[in-house]
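Written out below as structure tokens is the structure these notes cover.
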Amino acid sequence: METIMFKVWASSALKSIQDSQQRRADFWILQNMSNKELRDIGISRTEIRRTVYGQNTN
13 METIMFKVWA
23 SSALKSIQDS
33 QQRRADFWIL
43 QNMSNKELRD
53 IGISRTEIRR
63 TVYGQNTN
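Just so we're aligned, residue 13 is where the sequence shown starts under the working numbering, counting upward by one.
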């Protein structure tokens, strides 16, 4: 039982880390796009953080 619980916990922790790293990479990519490229995909520079991290970020 403890082994299963550890596997579930480790899997959840790994998924959380992977998701966080992907968001950081996405943010970096969008930040380094030109304004024209951002317009082409339908977002403005001021929307990058909200687009990547969600509505409730500061």
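All residues carry an ideal CB built from backbone N, CA and C; glycine is no exception.
- As the crow flies, the alpha-carbon of Q43 is around 43 Å from that of E14.
- D38 and N68 have their alpha carbons spaced roughly 17 Å apart.
- In the structure shown, the three-state DSSP call for N68 is coil.
- Closest in alpha carbon position to Y65, among K48, N47 and S32, is S32.
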